[in-house]
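Engineer: In our numbering, the protein residues as written are 6 to 248. Okay, handing you the structure first.
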Amino acid sequence: MSDTSWRGPILVTGTDTDVGKTVVTAAITAAAQAAGLRVAVIKPGQTGTVTGAPSDIDTVNRLAAPLTARTLANFPEPLAPLAAARVAAMEPLELYTVVDAVRAETDKHDLVLVEGAGGLLVPMGVRPSGEPWTVADLAVSLGAPAVVVARAGLGTLNHTALTLEALERRAVPAGVVLGAWPNEPELVHWANLSELVPNMVGALPDGAGTMDPGVFRRSAPGWLTPALYGVLDDWRTWADDVH
Numbered sequence: 006m007s008d009t010s011w012r013g014p015i016l017v018t019g020t021d022t023d024v025g026k027t028v029v030t031a032a033i034t035a036a037a038q039a040a041g042l043r044v045a046v047i048k049p050g051q052t053g054t055v056t057g058a059p060s061d062i063d064t065v066n067r068l069a070a071p072l073t074a075r076t077l078a079n080f081p082e083p084l085a086p087l088a089a090a091r092v093a094a095m096e097p098l099e100l101y102t103v104v105d106a107v108r109a110e111t112d113k114h115d116l117v118l119v120e121g122a123g124g125l126l127v128p129m130g131v132r133p134s135g136e137p138w139t140v141a142d143l144a145v146s147l148g149a150p151a152v153v154v155a156r157a158g159l160g161t162l163n164h165t166a167l168t169l170e171a172l173e174r175r176a177v178p179a180g181v182v183l184g185a186w187p188n189e190p191e192l193v194h195w196a197n198l199s200e201l202v203p204n205m206v207g208a209l210p211d212g213a214g215t216m217d218p219g220v221f222r223r224s225a226p227g228w229l230t231p232a233l234y235g236v237l238d239d240w241r242t243w244a245d246d247v248h
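Now the structure itself:
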């Protein structure tokens, strides 16, 4: 990923579930809006609504207040979107309905962040043929790059490499953001950081999502490189400064 800032649609995916995609989406939103961009955030499929917890769009709105924020479909059970739709006997997300919705927002905004569910190859919905589609398929259909949100700890190198390889095979440009850098990093975290740096475009401190929204918005540019509208250029200094 170059230091030239991306515009248009960007897919935000992860190496797994609960890696920090939503807070990273909010951070990119905050940094881009601080740079004067009109930003939209789209969540194609929100699952787990039966729990009553705040939705991902609720969290992004609270932390970053994008110009536009939309969820295209809500499903009760905390499952992959296609499975959640089938369990609830609801219409699954159709790929080109999502593509059209993202393109419509792209016409009205400088940046459109599309947050997936779980990892890159989680089944999101169906194509017109009835075959499942994934976030990787959505990136190809949109001709959009991807931000891969990864963990900082043990196991992340394999999961991140697999995700990046899958994107590279599809000719999708990608950069990596660490979803939560620990308050007390250990040897494994420093070792992983040195391995991931060539692909990294950001890293958020652990607990960023619990910050006061004003502090979050002011801090976000310092967590991201210029490719994502931030000012970060020295990883060692950043890791020392966040504590």
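Virtual Cβ for every residue (Gly too), placed ideally from N, Cα, C.
Does DSSP classify Arg156 as helix, strand or coil?
Structural biologist: Residue state, collapsed to three classes: coil.
Engineer: Count the other C-beta atoms from every protein chain shown that fall within 10 angstroms of the C-beta of Val220, then say buried if there are 16 or more, exposed otherwise.
Structural biologist: Val220 should be labelled exposed.
Engineer: If you drop the 5 nearest sequence neighbours on each side, which residues of the same chain put their C-beta closer than 8 angstroms to that of Thr64?
Structural biologist: The answer, listed in chain order, is Thr27, Val28, Ala31, Gly214.
Engineer: What distance in whole Å lies between the Cβ atoms of Thr165 and Ala155, which are believed to be in contact at a cut-off of 8 angstroms?
Structural biologist: Rounded, the Cβ-Cβ distance is 5 angstroms, consistent with contact.
Engineer: Gly214 by DSSP, collapsed to three states: which one?
Structural biologist: Here Gly214 sits in helix by DSSP.
Engineer: In whole angstroms, what is the alpha-carbon distance linking Gly121 and Val17?
Structural biologist: The straight-line gap from Cα to Cα measures roughly 6 angstroms.
Engineer: Any idea if Gly4 is buried or exposed, counting beta-carbon neighbours within 10 angstroms, 16 or more meaning buried?
Structural biologist: The structure shown does not extend to residue 4, since the chain spans only 6 to 248, so no value can be given for it.
Engineer: Give the DSSP-derived three-state secondary structure of Arg75 in the structure shown.
Structural biologist: If DSSP states are grouped into helix, strand and coil, Arg75 belongs with the strands.
Engineer: Need the endpoints of the beta strand (DSSP E) that Thr52 sits in, please.
Structural biologist: It spans 44 to 52 - the beta strand (DSSP E) in which Thr52 sits, taken as one unbroken run.
Engineer: Kindly indicate which residue of Pro178, Ala35, Asp23 has the alpha-carbon position closest to the one of Asn66.
Structural biologist: Among Pro178, Ala35, Asp23, the Cα nearest to that of Asn66 belongs to Ala35.
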